[in-house]
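Residue numbers (numbering that gives the first Met the number 0): 0 to 156.
Encoded as structure tokens, the structure appears first; notes follow it.
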Amino acid sequence: MGASRDLNQSEMELQKADPGARRAAAFLVAIAAVVGAGTILLTRSYFPDVGEWIAEDPAAIVPRVRTVAVVLSAALAVPTLAVTVYLWLTGARIVRAEQFPPPGAAVTRDTVVLRGAAARRRGRTLQVLGGILALAAAGLVTVLWRLVWLLEARIAD
Numbered sequence: 000m001g002a003s004r005d006l007n008q009s010e011m012e013l014q015k016a017d018p019g020a021r022r023a024a025a026f027l028v029a030i031a032a033v034v035g036a037g038t039i040l041l042t043r044s045y046f047p048d049v050g051e052w053i054a055e056d057p058a059a060i061v062p063r064v065r066t067v068a069v070v071l072s073a074a075l076a077v078p079t080l081a082v083t084v085y086l087w088l089t090g091a092r093i094v095r096a097e098q099f100p101p102p103g104a105a106v107t108r109d110t111v112v113l114r115g116a117a118a119r120r121r122g123r124t125l126q127v128l129g130g131i132l133a134l135a136a137a138g139l140v141t142v143l144w145r146l147v148w149l150l151e152a153r154i155a156d
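Given below as structure tokens:
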């Protein structure tokens, strides 16, 4: 918003909203909601079965816990890393073009076009956010594997 104050009304360039982008965004949100709800329902219904499967063979507890940890790590890290890559690449496009939104990008609402330093700042912000998400994904996986390691040590005792 600060960058838009630097421009006079006559100098402001607006990129008009793309109705197709609005429909695509609404569709993606709906798909994400359905996938999220389905994941929650599946997790709730199968979680007790996974616990029973892990415990049914005492000799196989450690490899089974590792298997569950791999699945959980992937389920947590892969989507987060996908968003990370998207943010990083979009930020790089903005920095390279010195324009936000980047050329060719569809917007869901009328958007003031930022150029120069303001656009570079926006692009770098997206890249920093992507980096933070990458660190969060790495942290989640690290904590999960640390818990598995502690569980294995406890089982071995």
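Every residue gets a Cβ at the ideal spot worked out from N, C-alpha and C, and that includes glycine.
A quick note: this is a predicted structure, and the numbers were derived from the prediction, not measured.
Range covered by the alpha helix (DSSP H) that runs through residue i
{"i": "Asp-48", "result": "18-54"}
{"i": "Val-69", "result": "60-96"}
{"i": "Ala-135", "result": "116-155"}
Same chain only: Cβ atoms within 6 Å of residue i, ignoring 5 sequence neighbours per side
{"i": "Ala-76", "result": "Ala-136, Val-140"}
{"i": "Arg-63", "result": "Ile-53"}
{"i": "Gly-122", "result": "Gly-90, Ile-93, Val-94"}
Contacts around residue i, its chain only, beta-carbon distance under 7 Å, and the 5 residues preceding and following it disregarded
{"i": "Val-82", "result": "Leu-132"}
{"i": "Gln-8", "result": "Unreliable positioning characterises Gln-8 in this predicted model, as indicated by a pLDDT of 47, which lies under 50. The coordinate reading is nonetheless provided below. So the list is empty, once near-sequence residues are dropped."}
{"i": "Ala-152", "result": "none"}
8 Å Cβ shell around residue i - same chain, five flanking residues per side excluded
{"i": "Leu-71", "result": "Leu-143"}
{"i": "Ala-16", "result": "Val-106, Thr-107, Arg-108, Asp-109, Thr-110"}
{"i": "Val-84", "result": "Gly-129"}
Assumed close pair residue i, residue j - CB separation to whole angstroms, cut-off 8 Å
{"i": "Phe-99", "j": "Leu-86", "result": "So it is not a contact: roughly 13 Å between Cβ atoms."}
According to DSSP, residues forming a beta bridge with residue i
{"i": "Val-111", "result": "Leu-13"}
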